[in-house]
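Participant: Handing you this structure, nothing more for now.
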Amino acid sequence: MVSPNLIKKSQSFLTINPETKKLFQLVYGQKQKGEKGIEDDDIPRIHVSQIVSRLSFIYEKIRVAVDYDEDHLLRKNAIKRILKRQILIEGVLRDYDGEEITRHLLTELIQAGYLENNKIPETKIGEVTDLLDKYIKLRHYFKESYPINNLSNKENKERTAVINWIISLAATEIEENLNFNIVRRTVMSNIFNVLTKVIKLPPDLPYQKDLDLQIYLSISRNYLKLDLEMQSFLAFKFYNSWDDADEEELAKIAKNLKDLYQLVERQLKHPLIKQIDKIVRRYSLYYSMLLETMGDNPAKTYENATTNDKAFFSLIKEKCQKRYSKVKNKLWRSGLRSIIYIFLTKSIFVLLLEIPAIKFFGEKVNPFSLAINITFPAVLLFLMILFTKTPNSKNTEKIINGIKEITFIEFKKSQPIYLRRPTRRNYLMNSLFNLIYAGAFLITVYFLIQLLEYIDFNWVSITIFLFFLAFVSFFSFRVKRDVKQYVITDDKETILGFIFDFFYMPIVAMGKFLSDNVSRLNFFIFIFDFILEAPFKIIVSIVEEWTKYLKEKKEDLA
């Protein structure tokens, strides 16, 4: 394989800009390193019992099934959950030991399948311990600065929120350490450098001091798909010198942590988010598809980009088509997982609740309505996925034009993109629109109730049906995001589409409200986290030690 550094351009049609050239070189270097795949076998690595790992892996799969989230967030969520148990729950019963907590943390992550067995060097324990110790000290200094004595209920809730925030920050930084990727980091830097030159504010908008942070947070949302907790970590680091913080700096940060928490929360709800996200989403897609195009042969792709631009653009088009196909397959996998999640956490709950509720209120049990309410959520989600369209050729052309802009000097964007003042309707107009929105929701619900009554649904079954209609409608929007992230063309507006959105979107909005609030009352999560997990992990730890003991005895007899 020829390095991009050694290629001589015999005939150059277009000129690659320095940032993209460095990205080609980096991808090439990482691929070379990966192909060598040389590991030092003398480095001690963390090992866990295969038997224990199978038990923990099965437990974790069940735990994840009842607490749906994106695949790339699962390990971070697991880290947070383990830290909470080790620090907030078990920490009450024993003295804090950073190295012991870290060893337990990494062991549990390997057992659950989030890290590979016999791959993580034992030196990683020291790295993570150093990270964790800073957060434990920050938590200690914060609790000293804000003692619980004489706090009002509101102040106590704020104090608890900040303490939980510290655990979230720790979990995010540990995940970042375990998942460091130089290519993704470089792409983030490239997108940031491009957009800080492209995105401009009009003089009358007072957000100039927030713009760089908002662009960076938007890149983390749209390119890395980070959740709010992980974005919060980026904002936290933006406002203080965390990486180099000593004891004195930690105490200073802790003293102002409550105000910093509120400042970060405001940044995560900034008025410019929607506008910036719309721009960043496009550029994130351009860079994602550029990396996809580099693929297995970055040197050949680089050569095409510098000497045969038609072949380069043709390759982009081919990769786009393959990506559309892959993302549709991923949509089906996500949909299947979502259907399992809905069935485990909602349909079974309906089965246990609906019949007793119908009998309690003296209504007649209708097997037909019961069957519909059990099967309806999964069927509706299946149909939503079935009719999801993949991006078209016009969309691919826009992606190719975007990659031209970020790759070649000749296509560099010359005109800035000016943000506009966020829309603020007056009170009367806003109230009128809210009234119309509520009216559309009520009309839809009214006709649905009439239809359900016509097929002999009683009011208990109707209530459950409407709940699932709203919940699954919103859920379908979530699982279709993987496809929508590749769409940058505007949907064609039709009268039928307008009418559908007018009556259906309020149902989706209700589903979001239910999802945000009912998820906090997830009975199964309570059972797993507060009843099953701690004793299960104790049993797993005992089995792990027993296997080590047997191995030692076997070696003694050898």
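In our numbering, the protein residues as written are 1 to 558.
We put the beta carbon where it would ideally sit given N, CA and C, even for glycine.
Comparing C-alpha positions only, which one of I436, K492, P422 sits nearest to P206?
Facilitator: The candidate whose alpha carbon is nearest that of P206 is P422.
Participant: Tell me the rounded alpha-carbon separation between E70 and V379.
Facilitator: Those two C-alpha atoms are separated by around 21 Å.
Participant: Could you tell me if G126 is buried or exposed, where buried requires 16 or more neighbouring beta carbons within 10 angstroms of its beta carbon?
Facilitator: Counting Cβ neighbours within 10 Å, G126 comes out exposed, since fewer than 16 surround it.
Participant: Are there any heavy atoms of the ligand ATP lying less than 6 Å away from the beta-carbon of N17, as far as the coordinates show?
Facilitator: Although the ligand ATP was asked about, the structure shown includes no ligands whatsoever.
Participant: If contact is defined by three or more beta carbon pairs under 8 Å, each pair taking one atom from either stretch, is the segment 197 to 217 in contact with the segment 259 to 273?
Facilitator: Yes, they touch.
Participant: Could you give the distance in angstroms between the alpha-carbon of T160 and the alpha-carbon of S515?
Facilitator: Cα-Cα distance, rounded: 23 Å.
Participant: What is the rounded straight-line gap between the Cα of V280 and the Cα of G402?
Facilitator: About 12 Å.
Participant: Tell me whether N373 is buried or exposed, calling it buried when 16 or more other Cβ atoms sit within 10 Å of its Cβ.
Facilitator: So N373 counts as buried.
Participant: In terms of alpha-carbon separation, which member of P416, S232, D227, F433 lies closest to R424?
Facilitator: Here the closest residue by C-alpha is F433.
Participant: For K76, count the other beta carbons within 10 Å of its own beta carbon; 16 or more makes it buried, fewer makes it exposed. Which is it?
Facilitator: Classification of K76: buried, given that the 10 Å Cβ count is 16 or more.
Participant: Give the secondary structure of K480 by DSSP, where H, G and I count as helix, E and B as strand, and everything else as coil.
Facilitator: DSSP places K480 in coil when its eight states are reduced to three.
Participant: Measure how close the beta-carbons of K137 and R45 come, nearest whole angstrom, since I'm counting them as under 8 Å.
Facilitator: So it is not a contact: roughly 29 Å between Cβ atoms.
Participant: Leaving out five residues before and five after E19 in sequence, what residues of the same chain have Cβ atoms less than 6 Å from its Cβ?
Facilitator: For E19, where only same-chain residues beyond five positions count, the Cβ hits under 6 Å are N190.
Participant: Could you pull out every residue in the same chain whose Cβ sits closer than 6 Å to the Cβ of F13, ignoring the five residues on either side in sequence?
Facilitator: Cβ within range, chain order: D309.
Participant: How many angstroms separate the CA atom of D282 from the CA atom of N392?
Facilitator: In the sequence as displayed, the identity of residue 282 is Arg instead of Asp. Using only the alpha carbons, I get a separation of about 16 Å.
Participant: So L260 is in the alpha helix (DSSP H); what residue range does that whole segment cover?
Facilitator: From DSSP, the alpha helix (DSSP H) with L260 extends over 257 to 267.
Participant: Which value, in whole angstroms, describes the spacing of the CA atoms of R338 and I79?
Facilitator: Here the sequence assigns Ser to residue 338, which means Arg is not the residue at that position. Near 22 Å, if we compare the C-alpha coordinates of I79 and S338.
Participant: Residues in its own chain within less than 8 Å of L521 by CB, not counting five upstream and five downstream?
Facilitator: Its pLDDT being 47, under 50, L521 is placed unreliably in this model, and the coordinates cannot settle the point.
Participant: Which runs of the alpha helix (DSSP H) spanning at least 4 residues fall entirely within the segment 371 to 452, listed in chain order?
Facilitator: Within the segment 371 to 452, the complete alpha helix (DSSP H) runs of at least 4 residues are 393 to 407.
Participant: Here's the rule: buried if 16 or more other CB atoms are within 10 angstroms of the residue's CB, otherwise exposed. What is M289?
Facilitator: Classification for M289: buried.
Participant: In its own chain, which residues sit with a C-beta less than 8 Å from the C-beta of L6, not counting the 5 before and 5 after it?
Facilitator: Confidence at L6 is low in this model, with a pLDDT of 45, below 50, so its placement is unreliable and no value can be given for it.
Participant: Within 10 Å of its beta-carbon, does M429 have 16 or more other beta-carbons around it, so buried, or fewer, so exposed?
Facilitator: M429 should be labelled exposed.
Participant: From the DSSP output, in three-state form, read off K200 for me.
Facilitator: Residue state, collapsed to three classes: strand.
Participant: Exposed or buried, what is R81 when buried is set at 16 or more other beta-carbons lying within 10 Å of its beta-carbon?
Facilitator: It counts as buried.
Participant: Just to confirm my understanding: we take S431, look at its own chain, exclude 5 residues before and 5 after, and list those with CB closer than 6 Å. What are they?
Facilitator: For S431, where only same-chain residues beyond five positions count, there are no Cβ hits under 6 Å.
Participant: Please list the segments of the alpha helix (DSSP H) lying wholly inside the segment 270 to 298, counting only runs of 4 or more residues, in order along the chain.
Facilitator: Within the segment 270 to 298, the complete alpha helix (DSSP H) runs of at least 4 residues are 273 to 294.
Participant: Distance, Cα to Cα, Y223 vs S369?
Facilitator: If you take the alpha carbons of Y223 and S369, they lie about 44 Å apart.
Participant: Sort L331, D501, E405 by Cα distance to I436 and report the nearest one.
Facilitator: Taking only the C-alpha atoms, the option nearest I436 is D501.
Participant: Excluding the 5 residues flanking K200 on each side, which residues of the same chain have their C-beta closer than 8 Å to its C-beta?
Facilitator: The answer, listed in chain order, is P416, I417, Y418, L419.
Participant: Name the residue from D97, N179, G335 whose alpha carbon lies nearest to the alpha carbon of L109.
Facilitator: If we check each option's Cα against that of L109, N179 comes out closest.
Participant: Just to confirm, is the Cβ distance from K258 to V162 under 7 Å?
Facilitator: Yes; because the gap between Cβ atoms is below 7 Å, this pair is in contact.
Participant: Measure the Cβ-Cβ separation of P121 and I43 and say whether it is below 7 Å.
Facilitator: Yes, the pair counts as a contact, with Cβ atoms nearer than the cut-off.
Participant: Helix, strand or coil for P506? Go by DSSP, reduced to three states.
Facilitator: In the structure shown, P506 sits in a helix (DSSP, three-state: H, G or I).
Participant: If you measure between the beta carbons of I253 and G335, is that distance less than 7 Å?
Facilitator: Result no, Cβ atoms of I253 and G335 do not sit closer than 7 Å.
Participant: In chain order, what residues of the same chain lie with their CB nearer than 7 Å to the CB of I16, ignoring the 5 residues before and after it?
Facilitator: A305, T306, T407, F408, listed in sequence order.
Participant: Taking the straight line between their C-alpha atoms, what separation do you get for F361 and L353?
Facilitator: Roughly 12 Å separates the two Cα atoms.
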